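Chemist: Residue numbers (the working numbering): 736 to 1230.
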């Protein structure tokens, strides 16, 4: 890549090297294209005079954060990188002022904001001014939401109120073993609840990518994280005023995928991997999955179709038969809303037997949480293309970007089944077990895509191998789509 990194020096920098971490400036140089970084407020210093902070030895030009703008693969981005070697990266009034300045300018010109978080939290010596600084940043996170993409990369500690800025951004990534996110640390948890827990268990990358769903992905080290972030950035538009990015494509749009004709097992209860379908359909088999370790019964992520960025949503039959539950509904809904906010077309692959039953789901609020995914698909005005690969049962059929939710192109494979429920359960209710051959009759009548096609609920029953060709053609036609909703201050999604 031809990058020359700044050489770390001093005791704090040496400690970073021992941990395998880069300095704040090294991170920016690795993230941005060579010689494109323009630094802001290089000489700003903190204004605190209490507790000996006005001493010259406690004054550092730029304070504890490096801010500015640069380019990633030739495209503009605004960035801030917290410097743990200066007061532990703690947030002062001046620190917050610098971050707010780049966020304000990013919103004005329409460019993404990337935050490289590595901070011990609020600067205690500054008291309420530090808290005010956090609130100023939170406000800008909210005002920029849906205007420009916001990405947080956690590369060290992020504790207390500081965690709410990454939580408000669109995507949060972490570095394994060196990054932590938590409201209160292990010592406070021990004193209040008497629980013994380590930093890693409480707020490490594994916890937040697999258990809590707070983080979207985790990477092996600083370099791996920054290089993946550069790749991820290519999928995103610069702002809500830009269309989805289009890049040169060497994968023919009319390419057939014959392996898809036999990918769905004949036995309807047998699992298969939805990722195999996604990889066969998208450009160059490249798929950047979001939240791959959390709510694995639904797959979401970014890919390209004929060079154009698209958002992919798909049920995963390998996990819980692809049932929708609380976590998968929330995961899917947030992803759909991001794509809709930034003009990214949505492609949905459906194989869903319904919502996951049980008291744990009902007590946890599956009705309210499941409604989030329904709401997200219904309000989306971007091009929406849906392919039913096998099961589409009950209310889950409606939820998964059905024709009834303003789907633009809805297709079914010959293996598709669109019905209120599975044949066995339906026969037990209808015939009460009195008809021995009733199940075969029900399968013949409903366990196929023709009843839905006859009513116009699916536009066509297609050969699976032609799926890529049909999607690419539809995306070309839908590129000029415009759709509006009734005026409102804002909707009231069931949070």
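Think of the CB as a built atom: it goes at the ideal place given N, C-alpha and C, for glycine as much as any other residue.
In this text, all values refer to a predicted model and were calculated from it rather than measured experimentally.
Since residue 892 is in the beta strand (DSSP E), which residue starts that stretch and which ends it?
Modeler: 892-894 is the extent of the beta strand (DSSP E) around residue 892.
Chemist: Taking the alpha carbon of residue 779 as the point to measure from, which residue in 830, 924, 842, 823 has its own alpha carbon closest?
Modeler: 830
Chemist: Taking the beta carbon of residue 1218 as the centre, do at least 16 other beta carbons fall within 10 Å, making it buried, or is it exposed?
Modeler: exposed
Chemist: Does the region 956-972 come close enough to the region 881-897 that 3 or more CB-CB pairs lie under 8 Å?
Modeler: yes
Chemist: Please list, in chain order, all residues of the same chain as residue 858 whose beta carbon is under 7 Å from its beta carbon, the five residues on each side excluded.
Modeler: 822, 825, 826, 827, 865
Chemist: CA-CA distance, residue 1131 and residue 1055?
Modeler: 14 Å
Chemist: With DSSP collapsed to three states, give me the class of residue 737.
Modeler: Because the pLDDT of residue 737 is 40, which lies under 50, any placement of that residue in the model is unreliable, and the question is left without a value.
Chemist: Pair every Cβ in the region 1082-1101 with every Cβ in the region 1177-1197, then say whether three or more of these pairs are closer than 8 Å.
Modeler: No contact exists between the region 1082-1101 and the region 1177-1197.
Chemist: Taking Cβ to Cβ, would you say residue 954 is nearer than 8 Å to residue 891?
Modeler: Contact: no.
Chemist: Considering only the beta carbon of each residue, do residue 1141 and residue 1113 sit closer than 8 Å?
Modeler: yes
Chemist: For residue 1035, which of 1019, 1021, 1071 has the nearest alpha-carbon?
Modeler: Closest by C-alpha distance to residue 1035, out of 1019, 1021, 1071, is 1071.
Chemist: I need the straight-line Cα distance from residue 1134 to residue 1147, nearest angstrom please.
Modeler: 16 Å
Chemist: I'd like the list of long-range same chain contacts for residue 993, defined as Cβ closer than 8 Å, with 5 residues on each side in sequence excluded.
Modeler: Contacts found: 1200.
Chemist: Can you confirm whether the region 1010-1020 touches the region 1037-1044 when touching is taken to mean that 3 or more C-beta pairs between the two stretches lie within less than 8 Å?
Modeler: yes
Chemist: With hydrogens ignored, establish whether the beta-carbon of residue 893 is closer than 7 Å to any heavy atom of the ligand MG.
Modeler: With respect to the ligand MG, the structure offers nothing, as it holds no ligand at all.
Chemist: Tell me, which residues are paired with residue 1037 by DSSP?
Modeler: Beta-bridge partners assigned by DSSP to residue 1037: 1023, 1046.
Chemist: Just tell me which of 999, 766, 1115 has its CA closest to the CA of residue 814.
Modeler: 766
Chemist: What number of angstroms, rounded off, separates the C-alpha of residue 906 from the C-alpha of residue 1022?
Modeler: About 16 Å.
Chemist: Relative to the C-alpha of residue 838, which residue among 872, 852, 1063, 862 is closest?
Modeler: 872
Chemist: Per DSSP, what kind of secondary structure is residue 1051 in: helix, strand or coil?
Modeler: coil
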